[in-house]
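Structure record follows, encoded as C-alpha cells.
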Amino acid sequence: MTTLVWFRQDLRIADNPALFEAAARGSVLPVFVLDEGPGDNTHPLGAASRWWLHHSLEALARDLGRLVLLHGDPQRLIPELARAAGVGAVHWNRCYEPHAVRRDTALKAALIAAGVEVRSFNAALLNEPWELETKTGGPFKVFSPYWRAALARPVATPLPRPPRLEIAAGQAGDRLDDWRLRPTAPDWAAGWRDLWHPGEAGAAERLEHFLEAGLDGYATLRDRPDLSHVSRLSPHLHFGEVSPRQVVARTRFAAGRTPGLERDADKFLAEIGWREFSHHLLYHFPRLPERNWKSTFDAYPWRDSSGDLAVWQRGQTGYPMVDAGMRELWATGYMHNRVRMLAASFLVKHLRLDWRLGEAWFRDTLVDADLANNAAGWQWVAGSGADAAPYFRIFSPVGQGRRFDPGGAYVRRWCPELARLPDDHVHAPFDAPAVVLKAAGVELGRTYPHPIVDHAAARAEALAGYEAVRRAGEAGAEGG
Numbered sequence: 001m002t003t004l005v006w007f008r009q010d011l012r013i014a015d016n017p018a019l020f021e022a023a024a025r026g027s028v029l030p031v032f033v034l035d036e037g038p039g040d041n042t043h044p045l046g047a048a049s050r051w052w053l054h055h056s057l058e059a060l061a062r063d064l065g066r067l068v069l070l071h072g073d074p075q076r077l078i079p080e081l082a083r084a085a086g087v088g089a090v091h092w093n094r095c096y097e098p099h100a101v102r103r104d105t106a107l108k109a110a111l112i113a114a115g116v117e118v119r120s121f122n123a124a125l126l127n128e129p130w131e132l133e134t135k136t137g138g139p140f141k142v143f144s145p146y147w148r149a150a151l152a153r154p155v156a157t158p159l160p161r162p163p164r165l166e167i168a169a170g171q172a173g174d175r176l177d178d179w180r181l182r183p184t185a186p187d188w189a190a191g192w193r194d195l196w197h198p199g200e201a202g203a204a205e206r207l208e209h210f211l212e213a214g215l216d217g218y219a220t221l222r223d224r225p226d227l228s229h230v231s232r233l234s235p236h237l238h239f240g241e242v243s244p245r246q247v248v249a250r251t252r253f254a255a256g257r258t259p260g261l262e263r264d265a266d267k268f269l270a271e272i273g274w275r276e277f278s279h280h281l282l283y284h285f286p287r288l289p290e291r292n293w294k295s296t297f298d299a300y301p302w303r304d305s306s307g308d309l310a311v312w313q314r315g316q317t318g319y320p321m322v323d324a325g326m327r328e329l330w331a332t333g334y335m336h337n338r339v340r341m342l343a344a345s346f347l348v349k350h351l352r353l354d355w356r357l358g359e360a361w362f363r364d365t366l367v368d369a370d371l372a373n374n375a376a377g378w379q380w381v382a383g384s385g386a387d388a389a390p391y392f393r394i395f396s397p398v399g400q401g402r403r404f405d406p407g408g409a410y411v412r413r414w415c416p417e418l419a420r421l422p423d424d425h426v427h428a429p430f431d432a433p434a435v436v437l438k439a440a441g442v443e444l445g446r447t448y449p450h451p452i453v454d455h456a457a458a459r460a461e462a463l464a465g466y467e468a469v470r471r472a473g474e475a476g477a478e479g480g
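Written out as C-alpha cells, the structure is:
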C-alpha cells in the first residue's frame, strides 16, 4: 500500500514517526505544500525563513531521492493528490500553531469522509501541549513547574531512519526554484551559505559540534555573545531537521560520557524546555502572538514612531550592544539570545514601541522565527506574558554590554566604526572624552549616532507607563 506523507515542520528522515510508520506499510509518496494563500494564517513565513526553507527542502529531496512540491491550499491539494495517486492512507506529524490546528482538523475530516485513512504523530515536541496539566487541572502558566512536570516524564527513544524506504513513482510537482524563496534583487543572503547548512545533515553536524566544543561551560558562558557557547540549533529545530528527542538523547549521552557536564547539560536542556513551554502556551492561548496575555497591559501607552522603529531595525540607536545585535540579525539571520532580550527590552521599554512591532520584525528576519517562541519571548520581555520578566526590570544597554561583552569583542565585530575605542568606552562612546573619541576615529553624529534616547529618562517614562498598567489591574480587581 502507498502512503502519502505530508512533510511540514519535520524536514528529516530519522525520528520521523509519520515517515517511519508509512515506510513500514509499503511505498511512500512524500509531499510538501507551500501554502501562501490568504487563508487564516496571519503569520506567514518571513523572508529569512523562506531562504532557509528553500535549502532545507533541497536537502530533504536529495536525501529522499524524490519530493513532490505543490503550491497552494493543502485542504484542496492533499485530497486531490491522494485521489490521483490512489493512496490508501495519509500521514503527517502534528503542528500546533492555531491556523494549523484548524486546517488539519478540517482536512482530516474531509479525508476520512472520502474513505482515506489518516494518522498523525508527534515529531516536534517532547510532550504535546495537552499532555501536561497543573495539579488543579488546566495549562501551566509558569515555566519552572511546567519543566519539573516535563522532567518527571520519560522521553521516548528517537526512531532510526526507516530500514526500508521505497519512494512511489509518478505524480509530478513544482520546481523548487520556481517558488522564488531566495532573495535576488538584492541577494541580501549571499553569504549565508557560509554560515548555515540547512538540512538534516547540517543539523546533526551542528549538534555534534556544540556537544564537543560548546557544552562544557554552557551554564556560565551561554550569556556571552563574544564566545561560542550556544548551540545555534534553533532554526534546525524549527524546521524539524532535528527532533527534541534526538537533542535530549545525544546531550544526555555526552554528559554521561564526560564527568562534570551534568549542570551544563541540565541548563541546555532547560532551553529546550522553554521551547516546549512556548508551544504549550500557544496551544492553550492561541491569541498569544496578537494580544497581551495579561489583558491589563492593554492600558500601556505605547508610542507611535515609525522613525524610531526604523532606527532600531537598522542598528543605529547609539547604544553599541543593541546596535551590534540588530546588525548581527540583519547580516546573519540570527542574534544571540542574551542580546535578543536586550534589543527587545530596548524597543519596548526605552522606545516604548509596541512589542508586536518587534515580534513582526524578528519573524521576518530570523532564520529560526518560530511563532510560539517568538511571541512568548516578546511578551516575556514586555512583561505582558506568562511567567514574564518583572515590568520594572529595564536593562541598561551599557551595563549589559559591560557585563556580557566585557572585552567589547562582540560590539567591535558588528560595529566596526567603534573598534578602536578602549574597553572602558566601547559600550558607551557618548561618555568618552573628546580626545579618546578622536584617537579612535569616532565622531558622534557622523561615524556613529548619538543615543536616540537617554537611558535614565527612558526608564522613568517606561515606569510611568507601567504604572498605568498597574492602575488598570487594580481597577479590574475592584470591578471583579
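With the UniProt record's numbering applied, the sequence shown covers 1 to 480.
The C-beta atom is built at its ideal place from N, Cα and C for all residues, glycine as well.
Residues bridged to residue i (per DSSP)
| i | result |
| --- | --- |
| E117 | A89 |
| V68 | V31 |
| F20 | For F20, which the question treats as bridged, DSSP gives no partner whatsoever. |
| S167 | According to the sequence as given, residue 167 is Ile; it is not Ser. In the DSSP output, where bridge partners are listed per residue, I167 has V28. |
| V155 | Paired residue(s): none; V155 is not in a bridge. |
| F7 | F32 |
| L353 | R303 |
Residue i and residue j closer than 8 Å at C-beta
| i | j | result |
| --- | --- | --- |
| V71 | L126 | Checking the sequence, you will find His at residue 71 rather than Val. Contact flag unset, no. |
| A47 | P183 | yes |
| V411 | A324 | yes |
| R363 | N373 | no |
| A82 | L53 | no |
| F430 | H280 | no |
| H55 | P154 | no |
| P235 | I272 | no |
| A409 | D226 | yes |
| W361 | Q316 | no |
| L366 | L421 | no |
| V68 | G173 | yes |
| R446 | H427 | no |
| D223 | F404 | yes |
| residue 489 | H455 | The structure shown does not extend to residue 489, since the chain is modelled only from 1 through 480, so no value can be given for it. |
| D423 | G407 | yes |
| L176 | L57 | yes |
| R50 | L181 | yes |
Nearest to residue i (by Cα), restricted to the options the options
| i | options | result |
| --- | --- | --- |
| R352 | S306, P449 and P163 | S306 |
| residue 488 | T296, Q316, P289 and F210 | Nothing about residue 488 can be read from this structure; the chain reaches only from 1 to 480. |
| R393 | A428, V348 and V367 | V348 |
| A376 | D194, F285, V247 and A201 | F285 |
| P74 | A22, V5, T184 and Q400 | V5 |
| Q379 | A464, P422, T365 and L288 | L288 |
| R327 | H279, R291, Q246 and C415 | C415 |
| residue 482 | G137, G383, F277 and L77 | Nothing in the structure corresponds to residue 482, since the chain is present only between 1 and 480. |
| residue 481 | R193, T332, Y283 and Q246 | Absent from the structure is residue 481, since the part of the chain shown begins at 1 and ends at 480. |
| D216 | R206, E205 and S228 | S228 |
| P451 | P320, P433 and D304 | P320 |
| Y218 | R25, R263 and P79 | R263 |
| E212 | R413, T258 and G115 | T258 |
| G88 | R25, L444, T105 and K135 | R25 |
| H43 | F7, E359 and T136 | E359 |
| V31 | S49, R50 and E80 | E80 |
Neighbourhood of residue i by C-beta, 6 Å cutoff - its chain only, sequence neighbours within 5 removed
| i | result |
| --- | --- |
| A299 | A468, V469 and A472 |
| Y458 | Just to set this straight, residue 458 is Ala in the shown sequence, not Tyr. Closer than 6 Å at Cβ, skipping near neighbours: H350. |
| F121 | P17, A18 and N93 |
| F277 | F143 and Y146 |
| F20 | L159 and P162 |
| D266 | none |
| E97 | L371 |
Cβ neighbours of residue i in the same chain (closer than 7 Å, five flanking residues each side left out)
| i | result |
| --- | --- |
| G240 | Q9, D10, L11, R12, A123 and A124 |
| W302 | R352, L353 and D354 |
| L269 | V248 and T251 |
| L463 | F392 |
| L342 | M321, V322, G325, F395, P397 and Q400 |
| G137 | none |
Own chain, CB closer than 8 Å to residue i, minus 5 neighbours either side, in chain order
| i | result |
| --- | --- |
| G479 | Note on G479: pLDDT 39, under 50, position unreliable in the model; no value is reported. |
| V142 | A386 and D387 |
| E200 | L11, R12, I13, A14, A59, L60, D63, E241 and V242 |
| A85 | T2, L4, L29, A168, G170 and Q171 |
| P390 | G383 |
| G214 | S228, H229, V230 and S231 |
Please go through the region 422-462 and give each complete alpha helix (DSSP H) segment of 4 or more residues, from N-terminal end onward. 434-440
As an exercise, report each continuous alpha helix (DSSP H) stretch of at least 4 residues that is fully enclosed by the region 230-297, in chain order. 234-238, 244-257 and 262-284
Going along the chain, which unbroken runs of the alpha helix (DSSP H) with 4 or more residues stay wholly within the region 330-395? 337-345, 355-365 and 371-382
Could you pull out every unbroken alpha helix (DSSP H) segment of at least 4 residues lying fully inside the region 155-225, listed in chain order? 200-213 and 218-221
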